[in-house]
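Counted from 1, the sequence shown has number 420 at position 420 by the UniProt record's numbering; the numbering is strictly sequential. Think of the CB as a built atom: it goes at the ideal place given N, C-alpha and C, for glycine as much as any other residue.
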Amino acid sequence: MATMLVLVWAAVAAAVDCRSSWATKTRCSSLGSPVTRRSNSDWIDLTDEQQDLRVGNKYRIGRKIGSGSFGDIYLGTNIISGEEIAIKLESVKAKHPQLEYEARVYKSLAGGVGIPFVRWFGTECDYNAMVLDLLGPSLEDLFNFCNRKFSLKTVLLLADQLISRIEYIHAKSFIHRDIKPDNFLMGIGKRGNQVNVIDFGLAKKYRDPKTHFHIPYRENKNLTGTARYASINTHLGVEQSRRDDMESLGYVMLYFCRGSLPWQGLKAATKKQKYDRIMEKKMTTGTDVLCRGFPNEFAIYLNYTRSLRFDDKPDYSYLRKIFRDLFVREGFQYDYVFDWTVYKYQKNAQAIAQAVGNTAQAGQGDPKDAQQAAGRKETAQALPRGTRKIIEQPVETNRAVGGSDRMLRSAAKAQGAGSGYPPNKYRPMD
Numbered sequence: 001m002a003t004m005l006v007l008v009w010a011a012v013a014a015a016v017d018c019r020s021s022w023a024t025k026t027r028c029s030s031l032g033s034p035v036t037r038r039s040n041s042d043w044i045d046l047t048d049e050q051q052d053l054r055v056g057n058k059y060r061i062g063r064k065i066g067s068g069s070f071g072d073i074y075l076g077t078n079i080i081s082g083e084e085i086a087i088k089l090e091s092v093k094a095k096h097p098q099l100e101y102e103a104r105v106y107k108s109l110a111g112g113v114g115i116p117f118v119r120w121f122g123t124e125c126d127y128n129a130m131v132l133d134l135l136g137p138s139l140e141d142l143f144n145f146c147n148r149k150f151s152l153k154t155v156l157l158l159a160d161q162l163i164s165r166i167e168y169i170h171a172k173s174f175i176h177r178d179i180k181p182d183n184f185l186m187g188i189g190k191r192g193n194q195v196n197v198i199d200f201g202l203a204k205k206y207r208d209p210k211t212h213f214h215i216p217y218r219e220n221k222n223l224t225g226t227a228r229y230a231s232i233n234t235h236l237g238v239e240q241s242r243r244d245d246m247e248s249l250g251y252v253m254l255y256f257c258r259g260s261l262p263w264q265g266l267k268a269a270t271k272k273q274k275y276d277r278i279m280e281k282k283m284t285t286g287t288d289v290l291c292r293g294f295p296n297e298f299a300i301y302l303n304y305t306r307s308l309r310f311d312d313k314p315d316y317s318y319l320r321k322i323f324r325d326l327f328v329r330e331g332f333q334y335d336y337v338f339d340w341t342v343y344k345y346q347k348n349a350q351a352i353a354q355a356v357g358n359t360a361q362a363g364q365g366d367p368k369d370a371q372q373a374a375g376r377k378e379t380a381q382a383l384p385r386g387t388r389k390i391i392e393q394p395v396e397t398n399r400a401v402g403g404s405d406r407m408l409r410s411a412a413k414a415q416g417a418g419s420g421y422p423p424n425k426y427r428p429m430d
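Written out as structure tokens, the structure is:
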């Protein structure tokens with residue numbers, strides 16, 4: 001009898017295991033082959049037969065919404081809470097897998113203001129997957145939304161936070177190595193005025209976290225990052241360190257002020273030749289020319305970062321102070337009203353006025369009703385959603401080193417300006 005029960009139990013277990021294996025194979029095969037996946041851009045647009053594609057058992061994969069370094073990003077849903085999240089996927093057969101490393105960098109930086117917090121990371125079928133929350137648009141998206149020019153006030157509001165974000169990353173013994181507008185995203189909801197940093201696929205430890213022993217100086221390195229914002233030393237093949245992140249940030253700020261940089265749009269037959277042309281233009285364009293027409297603080301910033309030695313620690317407080325002093329001297333208010341906030345409401349007001357005018361001409365109903373209806377419609381049209389870039393909404397507990405994020409303290413009081421972003425939410429990596 002006991003033998004019979006054992007045999008029956010074994011048969012049941014085998015059947016369950018077989019069914020589970022079949023379900024997994026069916027679900028994985030629906031994802032498509034990692035080798036052919038990129039040739040079919042719609043492979044993850046869900047049909048009725050694909051509604052159960054999941055990672056981490058509870059995150060359903062939806063349509064592709066963007067790309068980051070070393071992976072593609074998809075809209076996802078927590079099937080338990082119904083919450084929308086983002087899922088970054090990378091083939092396990094990739095020649096140089098980076099997603100697990102990126103997830104570990106996020107975990108090392110977790111707790112800082114404006115640092116994404118990974119909800120889940122693991123391997124599902126033939127993919128490494130990292131689950132993050134949706135956030136607002138990138139600074140590049142907002143730059144385009146504002147007709148590719150930011151006011152001095154907006155640049156200074158951003159500069160204060162950007163310096164603090166990089167300082168925090170450096171304090172955790174990492175350098176980012178790909179500082180650019182696409183990798184900074186605004187928050188949503190209550191954190192709509194907060195700048196967040198994403199995409200740590202190229203980040204690197206520049207020192208030992210315990211001993212603080214700095215990595216050695218090296219040359220003949222390939223360019224890592226984005227050539228437009230790369231430091232001169234990076235172009236010259238020198239190993240990157242903290243100074244290079246800070247110099248890149250200087251180019252980002254001038255890009256926002258100017259609308260473009262002098263080395264954009266250069267043509268060349270090969271990528272190497274293009275990089276060489278960018279380097280030459282960057283080296284021959286003096287800071288006086290690059291910063292002409294803008295406050296001297298930008299030239300001071302750039303000259304300072306270019307003067308740093310390989311293992312020097314940048315004086316982040318000094319750099320923040322020169323821009324804060326300029327902010328006060330210009331008579332700006334710490335109200336966190338950015339250009340995109342103003343631009344959005346100007347567009348809304350124009351649309352409302354046009355709608356009221358059309359109604360009055362047509363003689364249809366009360367103009368006040370038309371104005372209210374138009375206002376509701378236009379207010380519902382938020383700023384660019386920025387779903388091409390996805391990150392986690394962080395817990396604002398540990399501020400940047402030395403409380404340097406002082407400007408953020410008034411953010412909650414300034415929420416009346418509104419960010420125009422949809423709300424979102426999260427959970428820690430195992």
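With contacts defined as CB atoms closer than 9 Å, L326 and P295 qualify as a contacting pair.
Below 8 Å, too few C-beta pairs join the region 143-153 and the region 301-319 to call them touching: fewer than three. Between V252 and I179 the beta-carbon gap is near 6 Å, inside 8 Å, which marks them as a contact.
R243 sits close to T305, with the two beta carbons spaced by under 9 Å.
Between E124 and R54, the CB-CB gap stays under 9 Å. Within the same chain, Cβ atoms closer than 7 Å to the Cβ of M283 are found at I232, the five residues on either side in sequence being excluded.
Boundaries cannot be given for A94, as no alpha helix (DSSP H) includes it and DSSP labels it neither H nor E. Two segments are said to touch when three or more pairs of C-beta atoms, one from each, lie closer than 8 Å; by this definition the region 264-271 does not touch the region 167-177. The alpha-carbon of F121 is positioned some 44 Å away from that of T285.
Short of 8 Å from the beta carbon of F213, and not among the five residues preceding or following it, lie these beta carbons of its own chain, in chain order: R207. Rounded to whole angstroms, the Cβ separation of V113 and Y59 is 26 Å, and the two are not in contact under 8 Å. Separation of D126 and K95 (C-alpha to C-alpha, rounded to the nearest whole angstrom) is 14 Å. Considered as a whole, the region 247-320 harbours 271-284, 287-290 and 296-307 as its complete alpha helix (DSSP H) runs of no fewer than 4 residues, in chain order. Take T77, set aside five residues on each side of it, and the residues of its chain with a beta-carbon closer than 8 Å to its own are Y59, R60, G62, E83, E84 and I85, in chain order. In the structure shown, the three-state DSSP call for L202 is coil. In its chain, beyond the 5 residues on either side, F298 and A299 have a beta carbon closer than 6 Å to the beta carbon of C291. DSSP places I73 in the uninterrupted beta strand (DSSP E) bounded by G71 to N78.
Per DSSP, reduced to three states, the secondary structure at Y127 is strand. The three-state secondary structure of S241, taken from DSSP, is coil.
In summary, Q161 is buried, with 16 or more beta-carbon neighbours lying within 10 Å of its beta-carbon over all protein chains present. Just measuring C-alpha positions, the residue of G192, I115, K88 and N147 sitting nearest G136 is G192.
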